[in-house]
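2 protein chains.
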Amino acid sequence: MDNDSSSRIVADLREWISAAPSGAKLPSTRSLVARYEASPVTVQKAMRALTVQGLIDSRPGVGTFVRMTRTARPLDYGWQTAALRPLHTRFSTSSSTMRTGTHGAIAMHAGYPDRELLPERLVRAALTRAARGDAALFRSPASGLAELQSWFATELAAATPIGITPPSPSDVIILPGSQSGLSSIFRALVTAGQPLLMESPTYGGAILAAAQAGVQVIPVPSGPNGPEPDVLARAFEESGARAFYAQPNYANPTGAQWSPDTASQVLNVVRAAGAFLIEDDWAHDFGITTTPTPLATQDDAGHVVYIRSLTKSVSPSIRIAAVIARGPARERILADRSASSMYVSGILQAAALDVVTQPGWQTHLRGLRQQLRARRDLLIDSLQEHAPRAHLTNIPAGGLNLWLRLPDGTAIDRLVRQCEDAGVFIAAGSEWFPAEPAGPFVRLNFSGANPGAFPEGARILGQALDS
Amino acid sequence: MDNDSSSRIVADLREWISAAPSGAKLPSTRSLVARYEASPVTVQKAMRALTVQGLIDSRPGVGTFVRMTRTARPLDYGWQTAALRPLHTRFSTSSSTMRTGTHGAIAMHAGYPDRELLPERLVRAALTRAARGDAALFRSPASGLAELQSWFATELAAATPIGITPPSPSDVIILPGSQSGLSSIFRALVTAGQPLLMESPTYGGAILAAAQAGVQVIPVPSGPNGPEPDVLARAFEESGARAFYAQPNYANPTGAQWSPDTASQVLNVVRAAGAFLIEDDWAHDFGITTTPTPLATQDDAGHVVYIRSLTKSVSPSIRIAAVIARGPARERILADRSASSMYVSGILQAAALDVVTQPGWQTHLRGLRQQLRARRDLLIDSLQEHAPRAHLTNIPAGGLNLWLRLPDGTAIDRLVRQCEDAGVFIAAGSEWFPAEPAGPFVRLNFSGANPGAFPEGARILGQALDS
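Printed below as a string of structure tokens:
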């Protein structure tokens, strides 16, 4: 024990010393004893170690000092420039939606719902139960916990109409979040260098994952009603693509929900092209005025590869999603997942399953629907009043975002900075376009902290637009 | 609530119906009421839904039956064959080390320590605490929880000799397990199509990750003392590779630990080649008769990219590892991680940090060392007594495995099957070779369940070898 505290003090003081100027005086033994809640013997042992390491000099009766001879040479990693091969595709370190807003700011840029929208009580109870169970010490099978596979299969099966064979639990692969699933699906089903059709605009994380997988993205314009089936058919024909990534329900960022008619026409186009529809049902739990029906319920021939995440609705800390796919496609995705991360944490799977099978989960989802509706409407009203020049493209029937078209010629980056300086974080629309942005857009997320500040946020946006 | 129970019953009965023959009789309403603890009204509502869906027929006074006209056509996913592009590299769905041995079997094939070797009490307490804290509802920054970054940096810094600048917390990227880290490192630093030197034999998961990243693997022979520096230098020169993946301490599968002299020579070769050493310190917590010193402690110029995992020593359910890298290399890895999975679950990070900062953790590691030693020695003695023809290549000073050279001409696959039939699971050595196996090897893991059966396991292996 003594040994450990002493090395902890050594490590800590090393850090302090490395930042301190040569000759700086160290705190007294007495104050170190107090700071580390350690015995004087332990502290003295640490000081001896630092002396032996040549980092400090002790002058009895005077004090202990950072050694003068220490050289603080700057480190040069220039050689890496030659060692690192050029990247075929570059992607930025992190999306603006992952930034943490400064305290007190009005944050409408983020992609994750505020804590008050999460089933906090259910999550804590589920994790506490899981901590007591086998899952805490368990290595999950590669495709996931059988009970959780079954839950995802049953959810989709319950919405599957008669005449279509519902998915079985073994069609399900549990994922550590849907982002990892997208990477795997693109790598496994599209493969590097091959074309992939994507709605435009579309989810920024999918654009990133496509870049990482090295697939060639071909944008298909998609509006408030989804893509035009004819345009999609032509894109399949011209590109020879065999896959289309889309969000038929409450698309991020536009909030679009495809009509049943569009859905069935798109599915026909996909079938005719002998292709996959990669359906990202990210907002399955975020219906506001409608209830989403996945396109996957219309297919039992393995055309639809369905991704469904619980991360945003259960907790960002419980990163659990699933992909449901049939046939050889499923085997390829599983092989890629195994090479990527072997298996998914059992404790997260057990906790996710616990949350979604509690009666309180349905109650929570009903309350969430009300809250999202109130937030959405408040933000829409605030914008209409304070930022009338920002054109709402579509009143979303679900999801977490408003997608606004700004007046032509708006300098988006300057606008975003200007709002940020005034304490309002918004996200420039360019992040959601796989190619050139079709115009000046911003995305406002209405699920962040402090919805009471929406009028103020809209006012600041309106002022920035007017200036 | 009524609505939910009724859809739950519908979903459940759909599953039952899909498995039942046409015309089968459904349980009575009364028994369904009892089974689902639902009201008769709810059950009747579910039955009506199933009737509307065309799945059942009600014959009043007789009962309810699975509809006769239902077609159960077999699904054909043949079209996918044309849609799926050829894969550049094929990898199998899962390694033999991920198989779950049948109950009662002697399992020496697995890669994960048995539950009795895990700090169960610490893990459960840490998860319970984390369930109450902020981490349960928290989205972690992309590079990880600051406190956990700091812990990993401090651990390495404490072993860094004077004159070498220790890593700082910002050099650390937290990973959801080291497998994901390997994929990212190979993709980011080596890039597809480019050469990567690897010890041979080496960790099977790294071979998989290299295949997935599409890098070209060049094996460098490595024995009980590590690779020959001259041979390594020639391999760098001939291939133009700029990276070498290695396990200097307790390599999986051989158990080799490089001598300080080999370590410093290898590092010189790597420096001279202007290359990266990707140091996989997977067994940092599994020293038996020595204490491992990472090569990363000898480098502050960004040559060593260091991976350190807690998954196997803390719990397979707490999948947490870290990569420590400096300079542009670190930025590239972080960008790849962000595209792969955005961030790591906060609850797993908080729990891992909690476990490794408890005083009980050091106590646990000391006990673990004793247990591993006893298990290793028991297995070695058992093999000497019962399977003398299996040649132990090296008494490992740490790690979890013995690496055995079998007599020339041994048909390994047959041997493995024969042992399996007799209830002993062992792993064929071929999985650990990036190219052709250098001979007939098997790996025996001594950290699995039921070490008391080691003598019996050795006897069965000996008999199989003799037959």
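Order-wise, the sequence lines are chains A and B.
When we follow our numbering, the leftmost residue of the first sequence carries the number 1, and every step to the right adds one.
When we follow our numbering, the leftmost residue of the second sequence carries the number 468, and every step to the right adds one.
Beta carbons are placed, not taken as given, at the ideal position from N, Cα and C, and that holds for glycine.
Because the structure is a prediction, the values reported are computed rather than measured.
{"Asked": "C-beta neighbour in chain A for Ile814 (chain B), strict 9 angstroms", "Found": "yes"}
{"Asked": "Below-9 angstroms beta-carbon distance, Pro759 (chain B) vs any chain A residue", "Found": "no"}
{"Asked": "Residues that Glu237 (chain A) contacts on chain B, provided the C-beta gap is smaller than 9 angstroms", "Found": "Correct list: empty, because the minimum Cβ distance to chain B is about 15 angstroms."}
{"Asked": "Pro195 (chain A) in three-state terms, based on DSSP", "Found": "strand"}
{"Asked": "Beta-carbon proximity of Arg582 (chain B) to Leu137 (chain A), cut-off 9 angstroms", "Found": "yes"}
{"Asked": "Counted within 10 angstroms of its Cβ, other Cβ atoms place Asn268 (chain A) as buried (16 or more) or exposed", "Found": "exposed"}
{"Asked": "Cβ distance (whole Å) where Pro643 (chain B) is taken to contact Val811 (chain B) below 8 angstroms", "Found": "5 angstroms"}
{"Asked": "Per-residue contacts from Ala319 (chain A) into chain B (C-beta, under 7 angstroms)", "Found": "Note on residue identity: the sequence assigns Arg, not Ala, to residue 319 (chain A). By Cβ distance, chain B contributes Ser812."}
{"Asked": "Interface residues of chain B facing Ser4 (chain A) [CB-CB closer than 8 angstroms]", "Found": "This sequence places Asp at residue 4 (chain A); Ser is not what is there. Pro826, Gln829, listed in chain order."}
{"Asked": "Neighbour flag for Gly287 (chain A) against chain B, beta carbons, 9 angstroms", "Found": "no"}
{"Asked": "Short CB-CB distance (under 9 angstroms) between Ile573 (chain B) and chain A", "Found": "no"}
{"Asked": "Any alpha helix (DSSP H) of 4 or more consecutive residues that is wholly inside the region 395-467 of chain A", "Found": "412-421, 454-466"}
{"Asked": "Cβ of Pro918 (chain B) within 9 angstroms of any chain A Cβ", "Found": "no"}
{"Asked": "Under 9 angstroms between C-beta atoms of Pro761 (chain B) and Asn716 (chain B)", "Found": "yes"}
{"Asked": "Cβ shell of Thr518 (chain B) (< 7 angstroms), same chain only, five flanking positions each side left out", "Found": "Ser525"}
{"Asked": "Counterpart residues of Gln216 (chain A) in DSSP-defined beta bridges", "Found": "A:Pro195"}
{"Asked": "Residues, ordered as in the chain, of the region 626-656 of chain B that lie near chain D by beta-carbon distance below 7 angstroms", "Found": "The structure shown contains no chain D; the protein chains it does contain are A and B."}
{"Asked": "Residue ranges of each alpha helix (DSSP H) within the region 733-796 of chain B, 4 or longer", "Found": "778-781"}
{"Asked": "Ordered list of alpha helix (DSSP H) runs contained in the region 801-843 of chain B, each at least 4 residues", "Found": "813-823"}
{"Asked": "Rounded C-alpha distance that separates Ala352 (chain A) from Ala598 (chain B)", "Found": "13 angstroms"}
{"Asked": "Minimum Cβ-Cβ distance from Gln661 (chain B) to chain A less than 9 angstroms", "Found": "yes"}
{"Asked": "CB contact below 9 angstroms: Leu522 (chain B) versus chain A", "Found": "yes"}
{"Asked": "Cβ pair Ala422 (chain A), Ile460 (chain A) closer than 9 angstroms", "Found": "yes"}
{"Asked": "Opening and closing residue of the beta strand (DSSP E) in which Thr64 (chain A) lies", "Found": "63-66"}
{"Asked": "Spatially closest choice to His858 (chain B) from B:Gln838, B:Ala624, B:Ala806, B:Val909, by CA coordinates", "Found": "B:Val909"}
{"Asked": "Within-9 angstroms CB hit, Thr560 (chain B) to chain A", "Found": "Below a pLDDT of 50, predicted positions are generally treated as unreliable, and Thr560 (chain B), at 46, falls in that range; the measurement from the model is reported next regardless. Yes, contact with chain A."}
{"Asked": "Rounded straight-line distance, which links the Cα of Pro141 (chain A) to that of Leu334 (chain A)", "Found": "11 angstroms"}
{"Asked": "Where Phe619 (chain B) falls: helix, strand or coil (DSSP)", "Found": "helix"}
{"Asked": "Straight-line gap, Met342 (chain A) to Gln646 (chain B) (C-alpha atoms, nearest Å)", "Found": "7 angstroms"}
{"Asked": "Against chain A: residues of the region 657-690 of chain B by CB proximity under 8 angstroms", "Found": "Val657, Thr658, Ala659, Gln661, Gly672, Leu675, Ala676, Ala678, Gln679, Gly681"}
{"Asked": "Burial state of Ser780 (chain B), where buried means 16 or more other Cβ atoms lie within 10 Å", "Found": "buried"}
{"Asked": "Contact set between the region 723-743 of chain B and chain A, restricted to residues whose Cβ is under 7 angstroms from the partner", "Found": "Gly741, Ala742, Phe743"}
{"Asked": "Interface partners of Gly794 (chain B) on chain A, CB under 7 angstroms", "Found": "Tyr77, Gln80"}
{"Asked": "Residue environment, Leu542 (chain B), which counts as buried when at least 16 other CB atoms sit within 10 Å", "Found": "exposed"}
{"Asked": "Where Ile164 (chain A) falls: helix, strand or coil (DSSP)", "Found": "coil"}
{"Asked": "Phe236 (chain A): first and last residue of the uninterrupted alpha helix (DSSP H) it sits in", "Found": "229-239"}
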